[in-house]
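Written out below as structure tokens is the structure these notes cover.
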Amino acid sequence: MNKNLINSIVAFIGYFLFHVFVARKMYLGGVAFNYVYVGYLLTLNPSITKSQSLLVAFAMGLLIDWFEYSPGIHASACVFLAFVRPYLIGLLAARTRVDVEEIREISIREVDFINFTLYAGMLILFHHFIVFSLEAWTSKLLWLTLQKTFFSTIFTLISVILVQYLFFSSKR
Amino acid sequence: MQAIFDFVYRFRATFLFLILQIICFLMIVRFNNYQKAYFLNTASAFSGKLNAWANEVNNYFHLREVNQALSEENARLNNELMRLKQSHFENLIPIRNEAIISKYQFEPAKVVNKTIHKLRNFITIEKGSANGIQKDMGVITSEGIVGRVIEVSEHYAVVSTILHNQSTFSVKVKLKNLQGEAYLSYIQWDSRNFRYTKLKDIPLSIPVAIGDTVVTSGYNVFFPEKIMVGVVERINPQKTSTFHDIDVRLSTDFNTLSYVYVVKNRLQQEQTEIEKDTTNIPRK
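In structure tokens form, the structure reads like this:
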């Protein structure tokens, strides 16, 4: 448990620094943004309680907001993500025909590629839609919001999967 | 009573979720209302330092562009200096009011963080209250206007740029068709492309032409008069409105922006105060 906690803290700092130093400078065509830090919240250990994951998500969101000049926007989206995540883990368990408790960690090597992509894709889509619509604030910019959501979801999803293969595949 | 506690405890995660969302929502609303980086002060020491490091890393990849821009500006300033030296001796204008002659001072500052693709874009600069930077000072480059300072810490300041879909800036259009007569208007970004902004409030009866220059009006305290803003690039056909829909190509290149000047207006406080007094006159 202790080792898990340390791993988790290291990953938290790692994702955050990666966002500040690299990811936030990667944007394609003004519509695709890279919010790969969401990967941390997606792969949080499923055994932690819902309240804990809400607080972790809130902290991560606020830190990101601090560097994105957008108070509350990422925090709100992250908290929402943490709130619906358990339901999607339930779906994941149903798809892989195991009990929820048997999913020890959420990664490509634990659940397979397709399941992980579906799970991550859906949560990233929710998250990004909230971020971009809160940023737009008015419905006048709906089309732009939808474009940004679509392209950024793909960009982030690819990054999250790459991180899985780079950092979390060789162990075991 | 016990039942209430049980209920709250049972749904503690949901309650926590609601509380956190309310906190976020309040922050967002305040941010939207006041158009400034309320609460999360990006100018603070920790984030400022981290931003400066991140910028350092990034700078290695843009050294060439930065050098280019700086040498171009050097050349331009040199030319200006020569010109001024000459004209100074040719026609000495007797201006007596020292305060007005040196009304503006320019403080150079390095950009350590910026966004250009959001709906509201900000930059962080590496100069703060220690260098005399204050809220509401204008920020320009040698090419054009950038924005105004909204948050200041000791060594950093956050600037709200003209790429902000809720901020407007007062400008003048020099109309070619009317022998360079100036028409007062304002610009507001439509949050689509960081190279363009929209010119507002110009009736269809005003003969704006492609290529007309847009400069600051000097009617706000942030900027000196006649700082370049951009050039009219497109006049979109208009059917339903009685105002022109005009795209202005910004002269400031936000993509390569790395050094800016903060405009210190020595008479800003005086002007703001005297203008504030007029708003207190009771209406009849």
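Residue numbers (the working numbering), protein chains in the order written: chain A, 20 to 191; chain B, 2 to 285.
Note that beta-carbon positions come from the ideal geometry of N, C-alpha and C, so glycine has one too.
Source: prediction; values computed, not measured.
- By the criterion of a C-beta distance shorter than 6 Å, Leu268/B is surrounded in its chain by Lys104, once the five residues flanking it on both sides are discounted.
- Within chain B, Arg13, Ala14, Leu17 have C-beta atoms less than 7 Å from the C-beta of Ser70/A, given in sequence order.
- Phe145/A and Gln167/B have their C-alpha atoms some 26 Å from each other.
- The contact set of Asn59/B on chain A, defined by CB atoms closer than 7 Å, consists of Lys44 in chain order.
- Judged by DSSP in its simplified three-state form, Phe86/A adopts helix.
- Contact between the segment 268-279 of chain B and the segment 243-255 of chain B is not established, with fewer than three Cβ pairs separated by less than 8 Å.
- Inclusion of Ser171/A and Phe52/A in the CB contact set at 8 Å is warranted, their separation being smaller than that value.
- Residues of chain A with a Cβ closer than 7 Å to the Cβ of Ala55/B are, in chain order, Val39, Phe40.
- In the DSSP annotation of this structure, the continuous segment of the beta strand (DSSP E) that includes Gly148/B starts and ends at 146-153.
- Linking Phe31/A to Ser206/B through their CA atoms gives a straight-line distance of about 59 Å.
- Residue pairing by DSSP puts Gly231/B in a beta bridge opposite Val215/B, Leu251/B.
- The alpha carbon of Thr214/B has as its nearest neighbour, out of Ile20/B, Val172/B, Phe223/B, Lys240/B, the alpha carbon of Val172/B.
- Excluding five sequence positions before and after Arg104/A, the CB atoms of its chain that fall closer than 8 Å to its own CB belong to Leu60, Leu61, Leu63, Ser72, Leu142, given in chain order.
- With respect to chain B, the C-beta atom of Val55/A has no partner C-beta closer than 8 Å.
- Chain A has no Cβ within less than 8 Å of the Cβ of Ser143/B.
- Ile126/B and Tyr157/B have their alpha carbons spaced roughly 6 Å apart.
- Going by beta carbons, Ile163/B and Val153/B fall outside the 8 Å limit.
- Excluding five sequence positions before and after Gly145/B, the CB atoms of its chain that fall closer than 8 Å to its own CB belong to Ile228, Met229, Val230, Gly231, Leu251, Ser252, Thr253, given in chain order.
- Within 8 Å of the CB of Phe26/B, the CB atoms of chain A belong to Gly91, Ser95, in sequence order along the chain.
- At a cut-off of 8 Å, the C-beta of Lys119/B has a neighbouring C-beta in chain A.
- Taking 8 Å as the CB threshold, Thr116/B lines the interface with chain A.
- Between the segment 21-30 of chain B and the segment 85-94 of chain A there are three or more inter-stretch CB-CB distances shorter than 8 Å, so the stretches are counted as touching.
- Distance check between Gly109/A and each of Arg128/A, Phe135/A, Val50/A places Phe135/A closest, using alpha-carbon atoms only.
- Following the DSSP letters along the chain, one finds Arg114/A in no beta strand (DSSP E) but inside the alpha helix (DSSP H) bounded by residues 92-115.
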